[in-house]
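J.: Chains as they are written, first to last, in my numbering: chain Y, 1 to 497; chain C, 1001 to 1490; chain U, 2001 to 2124.
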Amino acid sequence: MNFICNFPFFSILLSLFSGTICSVLPAKAAKVVNRVVIAVVGLLSAVLLVYLVSVGEPFVYWMGHFPAPWGNEIRAGILEAGMALFFCIIMYLSMAGGAHKLYDEVDESKHNLYYILVNLLLSSLLALVYTNDMFTAYVFVEINTISACGLIMIRQVGRTIEAAVRYMIMSLLGSGLLLFGLCIMYDLTGHLLMSNIKESVGLLMANGEYQIPLIVSVALMCVGLCIKSALFPFHAWLPDAYGYSTVSSAAILSSLVSKGYIFLLIKIIYRVIGFRIFNSTRIIDVLFVFGLMGMIFGSISAIRENDIRRMIAFSSVAQIGYIYMGFGMGTQQGMVASVYHILSHAATKSLLFIAAIGLTEVSGGSRKFVDLTGAGYRNKWAGVAFTVGSLSMVGIPLFSGFISKLLFAQAAVQVEGKMLASLIVLGISTVLNAVYFMKTVIRIYTAAKDSPYEGISFGKMKIYAVTLLFFILLNVLLGVSSQPVVDLIERGLSMFA
Amino acid sequence: MYCILLSIFFPIFAGLFLLIRFRTPLSGERKGKERKPLLLFAGTFLIITALFTMAALLTAGEGFTLFYLTGTLPIYFKIDAVGSLFSLLAVIVLVCAGFFSFAYMKHEERESRYYGFYLIVFGVLNALCFAGNLITFYLFFELLTLSSMPLVLHTGSKEAVMAGLKYLFYSLCGAYAALFGVYFLYRNSETLTFTAGGVLKASAVAEHGGFLLVVAFIMVLGFGVKAGMFPMHAWLPTAHPVAPAPASAVLSAMIVKAGVLALIRVTNLFGADFLRGTWMQTAWICLTLITVFMGSLLAFREPLLKKRLAYSTVSQLSYILFGLAVMQEDAFRGSLLHVLAHGFVKAVLFLCAGAFIYCTGKTRVDELRGIGRRMPLTLWCFTIASLGLIGIPPTGGFVSKWYLALGSLKSGIPVLGVLGPIVLLVSALLTAGYLLPITVHGFFPGADYEGEHQKKQEPSKWMTIPIVIMTILSVLVGLFPNAVFLYMMQ
Amino acid sequence: MGPNLFANYGEAVSAILFCIGFTNLLLQKNLIKKIIGLNIMDSAIYLFLAEKGYIAGRVAPIVVNGVTSTEAYINPIPSGLVLTGIVVSVSVTALMLSLTIRLYTRYHTLDLDEISMLLKKEGR
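1) I want to verify the contact list: residues of chain U whose CB lies under 7 Å from the CB of D187 (chain Y), in sequence order.
2) Specify the secondary structure class of Y1076 (chain C) as computed by DSSP and reduced to three states.
3) Give me, in chain order, the residues of the same chain whose beta-carbon lies closer than 6 Å to that of V553 (chain Y); leave out the 5 immediate sequence neighbours on both sides.
4) In three-state DSSP terms, what is S1189 (chain C)?
5) Indicate the three-state DSSP secondary structure (helix, strand or coil) for I252 (chain Y) in the structure shown.
6) In or out: A1483 (chain C) buried (at least 16 other Cβ within 10 Å) or exposed?
7) DSSP state of R282 (chain Y), grouped into three classes?
8) Please report the residue range of the beta strand (DSSP E) in which F1471 (chain C) lies.
9) What did DSSP end up calling E73 (chain Y) once you bin it into helix, strand or coil?
10) Please name the residue, chosen from Y:A29, Y:A356, Y:F180, Y:S481, that lies closest to S217 (chain Y) on a Cα-to-Cα basis.
11) How is N2065 (chain U) classed by DSSP in three states: helix, strand or coil?
12) Taking K1307 (chain C) as the reference, give the member of C:L1337, C:L1251, C:L1275 with the closest Cα.
13) According to a CB-to-CB cut-off of less than 8 Å, which residues of the region 1252-1278 of chain C neighbour chain Y?
14) Run down chain C in chain order and give the residues with a C-beta less than 8 Å from the C-beta of T430 (chain Y).
15) In whole angstroms, what is the alpha-carbon distance linking V1091 (chain C) and I1047 (chain C)?
16) With distances taken between CB atoms, is the gap from L121 (chain Y) to A148 (chain Y) smaller than 8 Å?
17) Counting only beta-carbon atoms, is P397 (chain Y) nearer than 8 Å to chain C?
18) Is the Cβ-Cβ distance between Q1457 (chain C) and R1374 (chain C) less than 8 Å?
19) Between Y:I472, Y:V413, Y:Q483, Y:L372, which lies nearest to G455 (chain Y) when the distance is taken from Cα to Cα?
20) Where do the N-terminal and C-terminal ends of the alpha helix (DSSP H) with W237 (chain Y) fall, by residue?
21) Just checking: is the beta-carbon of T446 (chain Y) within a distance shorter than 8 Å of some beta-carbon in chain C?
22) Counting contacts by CB-CB distance shorter than 8 Å, is V2092 (chain U) in contact with chain Y?
23) Give a yes or no on whether 8 Å exceeds the smallest Cβ distance from A337 (chain Y) to chain C.
24) Output, in chain order, the set of chain Y residues within a Cβ distance shorter than 7 Å of R2102 (chain U).
25) Between which residues of its own chain and F1022 (chain C) is the CB-CB distance below 6 Å, once the five residues before and five after are set aside?
26) Relative to chain C, which residues along the region 39-68 of chain Y have a C-beta separation below 7 Å, given in chain order?
27) With a cut-off of 8 Å, does the C-beta of G158 (chain Y) fall near any C-beta of chain U?
28) I'd like to know whether the C-beta of R2058 (chain U) is nearer than 8 Å to at least one C-beta of chain Y.
29) Kindly say whether L113 (chain Y), judged by its beta-carbon, lies nearer than 8 Å to any beta-carbon of chain U.
30) Roughly how many angstroms separate the alpha carbons of A465 (chain Y) and Q332 (chain Y), rounded to a whole number?
31) Any idea what DSSP makes of R1364 (chain C), helix, strand or coil?
32) Under 8 Å by Cβ, that's how I've got Y270 (chain Y) and A497 (chain Y) pegged, so tell me the actual separation to the nearest angstrom.
33) Kindly indicate if chain Y contains any beta-carbon less than 8 Å away from that of E1108 (chain C).
34) Give me the Cβ distance between A385 (chain Y) and L468 (chain Y), rounded to the nearest whole Å; I'm assuming they're in contact under 8 Å.
35) Cβ closer than 7 Å: which chain Y residues qualify as neighbours of K2034 (chain U)?
36) Let me make sure I understand the geometry here. Which of C:F1140, C:G1478, C:Y1186 has the alpha-carbon closest to that of T1395 (chain C)?
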């Protein structure tokens, strides 16, 4: 076995233990450890990705010395490695972009706690991405939830604690359902490893046995993960949690945590149930309908919002709807579009959150639209970045959002029954997105008459500005040269099967 | 190849450069000092861009692919006859209106933003004209909406912002409807590269031809939004008048033409043979005729000069669309000629309106009585342009309308083929009705007119020269229409 | 259906308990009652697992008196899962309780809706 095959295990372990080490370090050192770990894990994932692309075969890594039906396993393919790399990039940028805000909003003594949580979150995300074992996935889902809850409430104000409680309650409902579905699945198949479950499920389906419990189990797992990833109508906790936590947390939560659950769902669809069996159930129709509803209602709520952070948060609801719509189409292309949208949305949404904080800072800390008038002139970098993010969200060509909409539409054209509904909703949602994002862009570029707030110069926010620059580059890169990424996603998905 | 790329990307980057270099808003005493370098940069960039574009037109050769957007969708540029005609118009109108703005924008705020986006619009327009396939076209069509929006809401007043949003909202709806069609066209055609005679797969036509007609109609409606076609025309009379006058000239003369160009491309892709004689053609002709008539009528009732001109744009653009919808060679010639004629004429009219506002501050038609005594040269140009729009020989409007009517009669479409020319004629009368009174009252204010200050008050040369140049051009188009046709034949 | 349900009464009970816990967690206003609901829900799942892992007439998989035949013991994996699950649910409960304490010291109520009202009044 090649040495590189140890990398997934190394990256999980590294982030897990660095979290423990952070607890005894002073805040400054913890920060350095945190950044270095994210960078190293990203590097490892990049090497792994290159290796996997050149080999062209996924590999399975035993945890311990027990072979397949008993032991615990890690599995890595192109999609897993690519996702891990992408998560690391977004996490690093989000941490760098929100660092200055952390000093304002969080008590100095709590900083190393924050880094512990971020490291734990990274390790649980990596474990969700790499694991081949259902119960391990469940355990790391819970670790993910706990650390995400910590990220929300690290800023100690009433709103965030309430948001954390609501987040916890919804997440616990979700993980309860996931666990129950998982237990039924274990009961039916007698296995916990994904590949073994898939074999058994195939046999059960072929023999026509235990159809109803099987569907119930799949449905429970799906609903559980939908609740956790804030699919409409389970999104009630989201605006407060994203809107009031410190900005790095909001960016990480919206672009990584929910995506981790969605990625687990993709794994379950492909590696546990089997893509074809999953698509023959009614579940995809339900996902499709809720995805469409999320796209519309999320945008409508965002239009009615008068607070920029909450507006961006509601827009997440709409974007999650896109991803589930892609699942609901039940075709390979729909899935590719969804995975691409995971990337595109993660890159754009974290950019928007980080840019929004720059705008509110130069408006006296207020997030009301009235006060944001002319903020684009006071903080130029944030203004440009917010504009780029908005254009990408609206789906203007040359930005990543356009490509994902293009992929969705191309996928929709191939599905006879769902073509019209998805294209129409895609259109409506695009226009609604345009309404609230362009409204904001115009607002921040409307000259304010005798504004009481002062601008900020490049010198005072070097790291912040450079972070934004990287985010913009990432967005444009995804928008202009999407083909290599789409190729990788297609190859990765075919490795899943 | 390099000329094409330069003519597209040079103005875009130059615009961005202006936006960044002069980013702090000028005010008070500093304004006068910093204005000079800004104008110097903007003027130089405009001229260089114009030169690049002319060079691109002269060296037009094979098309080339810039890069692939996704695996099978190339960004492809190629210069063809129609594209080069539009590009020529764009160069003339944008350069003239650009120099006009140097004087007009003196008292406005945030000039750098205006010139920056003006240059970006220039580049995007070039890209639209040179786009070689539908995807490239669509891409820059969206960018055109975005880059021209800051021109609409330049003043930043609440009215302007609402107008800008309305413009954006309508355009995005339209563009999305068009994109909807692009997906289906993509699935049912050999290629999306613009080729004469249509690109539909024969099997697709045989299998679901009826459905493809619906798709074609949706695309016409979608792109028609930009060209102000009924029923999605409402943004135009709101958005055009609130922009600064030179920007409204560009919007009315050139940017709406992007919609016309789009429809030419769409009819080409579907193939005139496929569309001719179907319900889709009938519906399209009906819509254009309704727009022609309604636009003129609304203009007739409108008291604000710039808004009246905007309504007139709605009506005149549908003349062009009518020519396309008839799908007959003569009518198509008429359309192209009217693109040129209307482009020059409408630019002149808006610039004159701008000159009136700049010198006297008057915006309503009834306030303009006696204006000819104070600004005779401007009003003369206004009058000549009005005659062109009405279609009185020897101006450009006459020849184009002649060809439109001729083509319509020749096409042999029952009822509408004859009804069309009648509507065009009635609308021409209405045009005379809403434009000529301005001239008449301007020169002959009547006995009770008290000349408060009768002394001449012509605007500066920066304003008059562009107006005069374009007036002359609008007449030349009428005198030598064959030159245009010969150019198209090449 | 009937006989099956009766034969698998343990699973049936656990499903009912799960529903009770789930509804409590979802619908109760009082935070403590929500947490109790959470614990009922989790316990129901452990009951389900334990019930599935048990084979009549066998003993827990701990080697006593040198009997190594697999026939003598039940499947150890479900028991292991229950143990892991209990650890998870304990930590989650602890976190929820600590959050509840924080909210209570700030707002002197355990009613989540009331807390939301108070927050709206604060206007932040």
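All C-beta atoms in this analysis are idealised placements derived from N, C-alpha and C, irrespective of residue type, glycine included. Fair warning: this is a prediction, and the values are worked out from it, not measured in the lab.
T.: Taking the definition as stated:
1) Taking the first sequence and counting its residues from 1, one reaches residue 187 (chain Y) at position 187. Within 7 Å Cβ-Cβ: K2052.
2) Taking the second sequence and counting its residues from 1, the one referred to as residue 1076 (chain C) is at position 76. Note: Y1076 (chain C) maps to strand in three-state DSSP.
3) Missing from the structure shown is residue 553 (chain Y); chain Y here goes from 1 to 497 and no further.
4) The residue labelled residue 1189 (chain C) in the question sits at position 189 within the second sequence. S1189 (chain C) falls in the strand class under three-state DSSP.
5) In the first sequence, counting from the first residue as 1, residue 252 (chain Y) sits at position 252. Of the three classes helix, strand and coil, the one that applies to I252 (chain Y) here is helix, per DSSP.
6) Sequence index remark: in the second sequence, residue 1483 (chain C) carries index 483 (1-based). Exposed, because fewer than 16 other Cβ atoms sit within 10 Å of the Cβ of A1483 (chain C).
7) As a working mapping, residue 282 (chain Y) is identified with position 282 in the first sequence. Three-state result, R282 (chain Y): coil.
8) Along the second sequence, one-based indexing puts residue 1471 (chain C) at 471. In the sequence as displayed, the identity of residue 1471 (chain C) is Thr instead of Phe. First-last for T1471 (chain C): 1461-1479, but that is the alpha helix (DSSP H), not the beta strand (DSSP E).
9) If you number the first sequence from 1, residue 73 (chain Y) lands on position 73. DSSP places E73 (chain Y) in strand when its eight states are reduced to three.
10) Start at 1 with the first residue of the first sequence, and residue 217 (chain Y) comes out as number 217. It is Y:F180.
11) Residue numbering aside, residue 2065 (chain U) sits at position 65 when the third sequence is read from its first letter. Three-state result, N2065 (chain U): coil.
12) Locating residue 1307 (chain C) in the second sequence gives position 307, where the first residue counts as 1. Comparing Cα positions, the closest option is C:L1251.
13) none
14) Within the first sequence, the letter at position 430 stands for residue 430 (chain Y). Under the 8 Å cutoff, chain C gives L1172, Y1176.
15) Position 91 of the second sequence, counting from 1, holds the residue named residue 1091 (chain C). Position 47 of the second sequence, counting from 1, holds the residue named residue 1047 (chain C). Each residue's Cα considered, the two are about 9 Å apart.
16) If you number the first sequence from 1, residue 121 (chain Y) lands on position 121. If you number the first sequence from 1, residue 148 (chain Y) lands on position 148. Taking the C-beta atoms as reference points, A148 (chain Y) is found nearer than 8 Å to L121 (chain Y).
17) Stepping through the first sequence from its first residue, residue 397 (chain Y) is reached at position 397. P397 (chain Y) counts as touching chain C.
18) Along the second sequence, read from residue 1 onward, the residue named residue 1457 (chain C) stands at position 457. Along the second sequence, read from residue 1 onward, the residue named residue 1374 (chain C) stands at position 374. Going by C-beta atoms, Q1457 (chain C) is nearer than 8 Å to R1374 (chain C).
19) For this step, residue 455 (chain Y) is matched to residue 455 along the first sequence. Ranking the options by Cα distance to G455 (chain Y), first place goes to Y:L372.
20) Against the first sequence, residue 237 (chain Y) aligns to sequence position 237. Where W237 (chain Y) is concerned, there is no enclosing alpha helix (DSSP H), because DSSP gives it neither an H nor an E.
21) Residue numbering aside, residue 446 (chain Y) sits at position 446 when the first sequence is read from its first letter. So yes, T446 (chain Y) belongs to the interface.
22) The residue labelled residue 2092 (chain U) in the question sits at position 92 within the third sequence. True, the Cβ-Cβ gap to chain Y drops below 8 Å.
23) Residue 337 (chain Y) sits at position 337 when you count from the first residue of the first sequence. It does not: the Cβ of A337 (chain Y) has no partner Cβ on chain C nearer than 8 Å.
24) Within the third sequence, numbered from 1, the residue matching residue 2102 (chain U) stands at position 102. Near R2102 (chain U) (Cβ distances below 7 Å), the residues of chain Y are I161.
25) In the second sequence, residue 1022 (chain C) corresponds to position 22, counting from 1. Here the set comprises L1038, S1112.
26) none
27) Your numbering for residue 158 (chain Y) matches position 158 in the first sequence. For G158 (chain Y), the answer is yes, since a Cβ of chain U falls inside 8 Å of its Cβ.
28) Start at 1 with the first residue of the third sequence, and residue 2058 (chain U) comes out as number 58. No, R2058 (chain U) lies away from the interface with chain Y (no Cβ there is under 8 Å from its Cβ).
29) Along the first sequence, one-based indexing puts residue 113 (chain Y) at 113. Contact with chain U is absent for L113 (chain Y), since none of that chain's Cβ atoms lies less than 8 Å from the residue's Cβ.
30) Taking the first residue of the first sequence as 1, we reach residue 465 (chain Y) at position 465. Taking the first residue of the first sequence as 1, we reach residue 332 (chain Y) at position 332. Going by the C-alpha atoms only, they are around 39 Å apart.
31) The residue given as residue 1364 (chain C) occupies position 364 in the second sequence. R1364 (chain C): strand per DSSP, three-state reduction.
32) Counting from one through the first sequence, the residue named residue 270 (chain Y) turns up at place 270. Counting from one through the first sequence, the residue named residue 497 (chain Y) turns up at place 497. With 8 Å as the limit, Y270 (chain Y) and A497 (chain Y) qualify as a contact, their Cβ atoms being about 6 Å apart.
33) Residue mapping note: residue 1108 (chain C) aligns to position 108 of the second sequence, counting from 1. Not one chain Y Cβ lies under 8 Å of E1108 (chain C).
34) By one-based count along the first sequence, residue 385 (chain Y) stands at place 385. By one-based count along the first sequence, residue 468 (chain Y) stands at place 468. Yes, A385 (chain Y) and L468 (chain Y) are in contact; Cβ-Cβ is about 4 Å, under 8 Å.
35) The residue given as residue 2034 (chain U) occupies position 34 in the third sequence. Ordered by position in chain Y, the residues that pass the 7 Å Cβ test against K2034 (chain U) are I169.
36) Counting from 1 along the second sequence, the entry for residue 1395 (chain C) is found at position 395. It is C:G1478 whose Cα lies nearest to the Cα of T1395 (chain C).
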